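*Asks:* In the numbering used here, the protein residues as written are 9 to 482.
Positions of the beta carbon are idealized from the N, C-alpha and C atoms, including for glycine.
If you're wondering where the values come from, they're calculated on a predicted model, not measured in any experiment.
1) Using only the alpha-carbon positions, how far apart do residue 123 and residue 364 sit?
2) Kindly indicate the opening and closing residues of the alpha helix (DSSP H) around residue 55.
3) Which same chain residues end up closer than 6 Å to residue 310 when comparing Cβ atoms and leaving out the 5 residues on each side of it in sequence?
4) Beta-carbon separation of residue 83 and residue 135 under 7 Å?
5) Output yes or no for whether 7 Å exceeds the beta carbon distance between residue 35 and residue 161.
6) Could you check how far apart the C-beta atoms of residue 66 and residue 44 are, in whole angstroms? I think they sit under 8 Å.
7) Taking the C-alpha atoms as reference points, what is the distance between residue 432 and residue 197?
8) From what residue to what residue does the alpha helix (DSSP H) around residue 377 run?
9) If contact is defined by three or more beta carbon pairs under 8 Å, each pair taking one atom from either stretch, is the segment 19-31 in contact with the segment 99-116?
10) My output table needs one value for residue 337: the three-state DSSP class, helix, strand or coil.
11) Taking only runs that begin and end inside the segment 106-182, name each unbroken alpha helix (DSSP H) of 4 or more residues, in chain order.
12) Any idea if residue 258 is buried or exposed, counting beta-carbon neighbours within 10 angstroms, 16 or more meaning buried?
13) Quick one: grab the DSSP three-state call for residue 360.
14) Helix, strand or coil for residue 50? Go by DSSP, reduced to three states.
15) With a 10 Å radius around its C-beta and 16 neighbouring C-beta atoms as the bar for buried, classify residue 306 as buried or exposed.
16) By the DSSP assignment, the alpha helix (DSSP H) with residue 306 in it spans what residues?
17) Rounded to a whole number of angstroms, what is the C-alpha to C-alpha distance between residue 463 and residue 400?
18) Hey, residue 150 and residue 139: beta-carbon distance below 7 Å or not?
19) Apply the 10 Å Cβ neighbour rule to residue 89 and answer buried if 16 or more other Cβ atoms are within range, or exposed otherwise.
20) Measuring alpha carbon to alpha carbon, tell me which residue in 407, 414 and 421 is nearest residue 75.
21) Where do the ends of the alpha helix (DSSP H) carrying residue 85 lie?
22) How many Å lie between residue 137 and residue 398 at the Cα?
23) Cα separation between residue 303 and residue 389?
24) Locate the alpha helix (DSSP H) running through residue 289, then write down its first and last residues.
25) In the DSSP assignment, find the unbroken alpha helix (DSSP H) run with residue 194 in it and report its ends.
26) Find out if the Cβ-Cβ distance for the pair residue 329, residue 159 is shorter than 7 Å.
27) Output needed for residue 317: all residues of its chain with C-beta closer than 7 Å, excluding positions within five of it in sequence on either side, in chain order.
28) Any chance the segment 434-448 sits against the segment 264-284, with 3 or more Cβ pairs inside 8 Å?
29) Would you tell me roughly how many angstroms separate the C-alpha atoms of residue 391 and residue 269, rounded to the nearest one?
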């Protein structure tokens, strides 16, 4: 059993260099998702592929991204976050390079869906772990600045892609994006661990278990024990039936921190986050269509409203953590406020399609979206112990993958069956409302319980101090 060594968190210093490095990685890799349609849809149309193929590629990409959580916990424990992040950058670059020379749709599925998706799945939790080790009270603003890099990339990279497509063509544009993603290796080189990582033997599990199994076979098959005095005979007990499979299963539970699943509050957190993540993805998909078809806006106003969402998101990623860290508001409470704000924005947009209302709700959506994005991993870090954080992040990613496949497909079916963006907005609002109704009483109860515990502790300390004073007076 590994013992976690105590360490002093600098809460700054070299940690800000780590934050800048993570921002560079996010800007050159995470923002790749925002230009998929701009890069690949035209090429898929030339291949005579329909929109189903494009949707399949993006869905499989999300599937690979989230189910990389199966490996992220053991990977971060066995290797440094720097190595995991660098591996993710290499996989993203390799996947885009394969797409550049693709001539069939399945080439894009292999390159973009699996390689790029799995690479991005390795980058996000490993970079968060690198930041988490350097910050305590300023952790929120550090994560906000690093995520602002992804937002900046989403603003700048589409213009770069447009220029490359117009002047160089599809192949060279995708190769340029592949080379750009490799610049994340420069950022990964600065993800120096705060303390030397504790040794973890994930890579030697099978060999150690096999050796232990061989030692057990050489031990005596029977054990003799002395029974209590009221019994006048000896008993023989059979040897333990601890098989290799059971020991490997136990080791797997330890490596992936599956004991977290015994905690109902952890279940509530990861499922609620997965539902919010799915509703956000669905809103991003339908929002341009809602503005153009339901609200009747032209393409220029659609782009303007989407820019309002992105701009408010970036600004709040920088400013919101400063406010919440100063006021010491718990990360999960900020996340809950963001969910409530997204619920209000959905309902108002469904009820009123006037232009001033749409612009104001676009800004509100960007602000509340930043609250959920920033505090996603922070909420898990506040609930899990540091040695369980990598496994908690992996389990959260896996829950997102499951919810996206099930609930996400259901939202798509609602949109197609009802043929109404407004009904789809109401269904998204209902999902967000469920999370609010489940989380609010639980957070309130835990807060009251913590206050009572703190009050009792203070009363006990005051009584002990009074007794000490009385003894001294005597």
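*Replies:* To lay it out plainly:
1) To locate residue 123, count along the chain shown from 1; it is residue 115. To locate residue 364, count along the chain shown from 1; it is residue 356. So the alpha carbons of these two residues sit roughly 42 Å apart.
2) On the chain shown, position 47 is the one that residue 55 refers to. DSSP places residue 55 in no alpha helix (DSSP H); its state is neither H nor E.
3) Here the question's residue 310 lines up with position 302 in the chain shown. Leaving aside the five residues that flank residue 310 on each side, the residues in its chain whose CB is nearer than 6 Å to its CB run, in chain order, 296, 299 and 300.
4) Here the question's residue 83 lines up with position 75 in the chain shown. Here the question's residue 135 lines up with position 127 in the chain shown. The beta carbons of residue 83 and residue 135 sit no closer together than 7 Å.
5) As a working note, residue 35 is residue 27 in the chain shown. As a working note, residue 161 is residue 153 in the chain shown. A distance below 7 Å separates the beta carbons of residue 35 and residue 161.
6) Residue mapping note: residue 66 aligns to position 58 of the chain shown, counting from 1. Residue mapping note: residue 44 aligns to position 36 of the chain shown, counting from 1. Contact between residue 66 and residue 44 holds, with the beta-carbon distance rounding to 6 Å and staying under 8 Å.
7) Against the chain shown, residue 432 aligns to sequence position 424. Against the chain shown, residue 197 aligns to sequence position 189. Cα to Cα, residue 432 sits roughly 44 Å from residue 197.
8) Taking the first residue of the chain shown as position 1, residue 377 is located at position 369. Run containing residue 377: 363-391, per the alpha helix (DSSP H) assignment.
9) Because the criterion of three Cβ pairs below 8 Å is not met, the segment 99-116 and the segment 19-31 do not touch.
10) Here residue 337 is taken as the residue at index 329 of the chain shown, counted from 1. Looking at residue 337 - three-state DSSP - the assignment turns out to be coil, as it is neither helix nor strand.
11) The segment 106-182 contains, as complete alpha helix (DSSP H) runs of 4+ residues, the segments 113-116, 125-140 and 147-175 (chain order).
12) Within the chain shown, the letter at position 250 stands for residue 258. Per the 10 Å Cβ criterion, exposed.
13) Counting from 1 along the chain shown, the entry for residue 360 is found at position 352. Collapsing the DSSP output to three states places residue 360 in coil.
14) Sequence index remark: in the chain shown, residue 50 carries index 42 (1-based). The answer is helix: DSSP assigns residue 50 an H, G or I state.
15) Position 298 of the chain shown, counted from the first residue, corresponds to residue 306. With fewer than 16 Cβ atoms within 10 Å of its Cβ, residue 306 is classed as exposed.
16) Position 298 of the chain shown, counted from the first residue, corresponds to residue 306. Unbroken run through residue 306: none, as it is neither H nor E.
17) Working through the chain shown from its first residue, we reach residue 463 at position 455. Working through the chain shown from its first residue, we reach residue 400 at position 392. So the two alpha carbons sit approximately 31 Å from each other.
18) As a working mapping, residue 150 is identified with position 142 in the chain shown. As a working mapping, residue 139 is identified with position 131 in the chain shown. For the 7 Å CB-CB criterion, residue 150 and residue 139 form a contact.
19) Residue mapping note: residue 89 aligns to position 81 of the chain shown, counting from 1. With a threshold of 16 other beta carbon atoms within 10 Å, residue 89 meets it and is buried.
20) Here residue 75 refers to the residue found at position 67 of the chain shown. Closest option to residue 75, Cα to Cα, is 407.
21) Position 77 of the chain shown holds residue 85. Its alpha helix (DSSP H) spans residues 77-86.
22) Counting from 1 along the chain shown, the entry for residue 137 is found at position 129. Counting from 1 along the chain shown, the entry for residue 398 is found at position 390. Separation of residue 137 and residue 398 (C-alpha to C-alpha, rounded to the nearest whole angstrom) is 7 Å.
23) Taking the chain shown and counting its residues from 1, the one referred to as residue 303 is at position 295. Taking the chain shown and counting its residues from 1, the one referred to as residue 389 is at position 381. In a straight line, the C-alpha of residue 303 is about 40 Å away from that of residue 389.
24) By one-based count along the chain shown, residue 289 stands at place 281. In the DSSP assignment, residue 289 falls within the unbroken alpha helix (DSSP H) covering 272-297.
25) In the chain shown, residue 194 corresponds to position 186, counting from 1. For residue 194, the uninterrupted alpha helix (DSSP H) segment begins and ends at 192-196.
26) The residue labelled residue 329 in the question sits at position 321 within the chain shown. The residue labelled residue 159 in the question sits at position 151 within the chain shown. Taking the C-beta atoms as reference points, residue 159 is found no nearer than 7 Å to residue 329.
27) Translated into the one-based positions of the chain shown, residue 317 becomes position 309. Excluding sequence neighbours, residue 317 sits near 370, 373 and 374.
28) Flag = yes, the segment 434-448 and the segment 264-284 touch.
29) In the chain shown, counting from the first residue as 1, residue 391 sits at position 383. In the chain shown, counting from the first residue as 1, residue 269 sits at position 261. Residue 391 and residue 269: Cα-Cα distance of roughly 13 Å.
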